[in-house]
Amino acid sequence: MNYFSSNIKLLRAKRQRTQNDVAISLNLKRTTINALENSISQPTVPQLQAFSNFFGIAIDTLINTDLRKLSESQFTDLQNGFDVFIKGSNIRVIATTVNSDNEENIEFVHEKAKAGYTNGFSDAEFMETLPVFQLPFLSKEKKYRAFSISGDSMLPIPAGSVVIGEFILDFNDIVTGHAYIVVTREDGVVFKIAENLIGEKNSVKLSSLNSLYNPFEVHISEIREVWKFVSYVNSEMPEPLTDYDKLMNSITNLHDDVSKLKNNINRS
2 MNYFSSNIKL LRAKRQRTQN DVAISLNLKR TTINALENSI SQPTVPQLQA
52 FSNFFGIAID TLINTDLRKL SESQFTDLQN GFDVFIKGSN IRVIATTVNS
102 DNEENIEFVH EKAKAGYTNG FSDAEFMETL PVFQLPFLSK EKKYRAFSIS
152 GDSMLPIPAG SVVIGEFILD FNDIVTGHAY IVVTREDGVV FKIAENLIGE
202 KNSVKLSSLN SLYNPFEVHI SEIREVWKFV SYVNSEMPEP LTDYDKLMNS
252 ITNLHDDVSK LKNNINRS
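Residue numbers for the sequence shown follow this note's numbering, so the first one is 2 and each next one is one higher.
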């Protein structure tokens, strides 16, 4: 059964918004909102995406789950992103492109496209504007995307590198200590080492390889996409390490080992 009409009506009421408020926010007519809420018309794909982004709830949940049957705590978790944003529900909307052989491309989100990607990551038309390529050594059964990185927060991976990530549907699959490209609502596209705190705090802690940068936490409701790092490409030869660099690396590694030891002691 399709619960879209009753769900958007319920969600609007929970937020104490009028049909006109929602219409203005989604750039639709009030009569369109009314028709959708009363099952007079069926939503288009762009409208489904708009409602999903507006309420922060996955499309298939809006369609297939009767939100009226949720307990208050379940509804709160849903609105906070705990269920949908972690699990991706049954589907997480992801736009993609294919080549002439119907094989999925690796889209390249270059530096100038990053700002647009934060809003257009599920927009097929936006995806078609991105450069694409193929890498024969990557699995054809998985989805990959490439992103340019800037700054020195992930040294020794230098600024200007292109990092390639594998799409992660379920945020519970984030492995502590591994690198990920994370697309967030506020910070855009970031490339960091992750610590999975979903079970404890509904968040993911993101750290840089460069110890000069402080780690920060992102609530899962603020995360739009996660891509597991699989490879990177850079056209420049790396500079040889000086004795000073080696010393600083040793100090950083020692500092990390001490921090991990303290954390283990505190947890025991």
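Backbone N, C-alpha and C fix where the C-beta goes; we use that ideal spot for every residue, glycine too.
Excluding the 5 residues flanking Val227 on each side, which residues of the same chain have their C-beta closer than 7 Å to its C-beta? Within the sequence shown, numbered from 1, the residue matching residue 227 stands at position 226. Result list for Val227: Ile169, Phe172, Ile175, Tyr181 and Val183, in chain order.
If you compare alpha carbons, which of Lys144, Asn3, Gly152 and Glu38 is closest to Val191? Locating residue 191 in the sequence shown gives position 190, counting from the first residue. Out of Lys144, Asn3, Gly152 and Glu38, Gly152 has the C-alpha closest to the C-alpha of Val191.
Can you check whether the CB of Ser154 is closer than 8 Å to the CB of Tyr233? Locating residue 233 in the sequence shown gives position 232, counting from the first residue. Locating residue 154 in the sequence shown gives position 153, counting from the first residue. The answer is no: Cβ separation not under 8 Å.
Comparing C-alpha positions only, which one of Asn39, Glu167, Lys202 and Leu68 sits nearest to Asn106? Mapped onto the sequence shown, residue 106 falls at position 105. The shortest Cα separation from Asn106 among Asn39, Glu167, Lys202 and Leu68 belongs to Glu167.
Review point. Among all the DSSP beta bridges, which residues are the ones paired with Arg146?
Key: For the purposes of this step, residue 146 is taken as residue 145 along the sequence shown, with counting starting at 1. DSSP output for Arg146 lists Glu108 and Gly166 as bridge partner(s).
- [ ] Below 7 Å CB to CB, which residues in the same chain sit around Lys141 once its five sequence neighbours on both sides are set aside?
- [x] Numbered from its first residue, the sequence shown carries residue 141 at position 140. Correct list, in chain order: Glu104.
- Item | Backbone CA spacing between Thr98 and Asn197 [nearest angstrom] | Counting from one through the sequence shown, the residue named residue 98 turns up at place 97. Counting from one through the sequence shown, the residue named residue 197 turns up at place 196. Each residue's Cα considered, the two are about 30 Å apart.
message = Excluding the 5 residues flanking Leu12 on each side, which residues of the same chain have their C-beta closer than 8 Å to its C-beta?
response = Locating residue 12 in the sequence shown gives position 11, where the first residue counts as 1. Result list for Leu12: Phe56, Ile58 and Leu68, in chain order.
Let me make sure I understand the geometry here. Which of Ala160, Gly161 and Ile165 has the alpha-carbon closest to that of Tyr145? Looking up residue 145 in the sequence shown gives position 144. The option with the nearest alpha carbon to Tyr145 is Ile165.
Review point. Apart from the five residues on each side of it in sequence, which residues of its chain come closer than 7 Å, Cβ to Cβ, to Asp124?
Key: Sequence index remark: in the sequence shown, residue 124 carries index 123 (1-based). Here the set comprises Ala96.
- Query: Under the three-state reduction of DSSP, which class applies to Asn39: helix, strand or coil?
  - Reply: Locating residue 39 in the sequence shown gives position 38, counting from the first residue. Three-state result, Asn39: coil.
Beta-carbon contacts of Pro44 that lie in its chain and below 8 Å, excluding the five residues immediately before and after: For the purposes of this step, residue 44 is identified with residue 43 of the sequence shown, where counting begins at 1. Exclusion of the five residues before and after Pro44 leaves Phe5, Leu37 and Phe52 as the residues of its chain whose Cβ lies within less than 8 Å of its Cβ.
query = Which one of Ile150, Leu139, Lys30 and Asp102 has the shortest CA to CA distance from Ala114?
reply = Numbered from 1 along the sequence shown, position 113 holds the residue referred to as residue 114. Of the listed residues, the one whose Cα sits closest to Ala114 is Ile150.
Quiz prompt | Anticipated Cβ contact below 8 Å, Ala24 with Lys30, distance rounded | solution = In the sequence shown, the residue the question calls residue 24 occupies position 23. In the sequence shown, the residue the question calls residue 30 occupies position 29. Rounded, the Cβ-Cβ distance is 6 Å, consistent with contact.
### Message
Using DSSP's beta-bridge definition, name the partner residues of Ala114.
### Response
Within the sequence shown, residue 114 is the residue found at index 113, counting from 1. Ala114 pairs with nothing; no bridge assigned.
Review point. Beta carbon of Val133, beta carbon of Phe148: below 8 Å?
Key: For the purposes of this step, residue 133 is identified with residue 132 of the sequence shown, where counting begins at 1. For the purposes of this step, residue 148 is identified with residue 147 of the sequence shown, where counting begins at 1. No; because the gap between Cβ atoms is not below 8 Å, this pair is not in contact.
(request) Identify the continuous beta strand (DSSP E) that holds Glu187 and give its terminal residues. (result) The count along the sequence shown starts at 1 and reaches residue 187 at position 186. Where Glu187 is concerned, there is no enclosing beta strand (DSSP E), given that its DSSP letter is neither H nor E.
Checklist line | Sequence-distant residues of its chain with Cβ nearer than 7 Å to Ser42 (five each side left out) | finding: As a working mapping, residue 42 is identified with position 41 in the sequence shown. Around Ser42: Ala36.
What's the call for Leu63, buried or exposed, on a 16-neighbour Cβ count within 10 Å? Translated into positions along the sequence shown, residue 63 becomes position 62. Result: buried.
**Request:** Have a look at Ile92 and Glu218 and give me their C-alpha separation to the nearest angstrom.
**Result:** Here residue 92 refers to the residue found at position 91 of the sequence shown. Here residue 218 refers to the residue found at position 217 of the sequence shown. Residue placement at Ile92 cannot be trusted, given a pLDDT of 43 that sits under 50; the coordinates are not used to answer.
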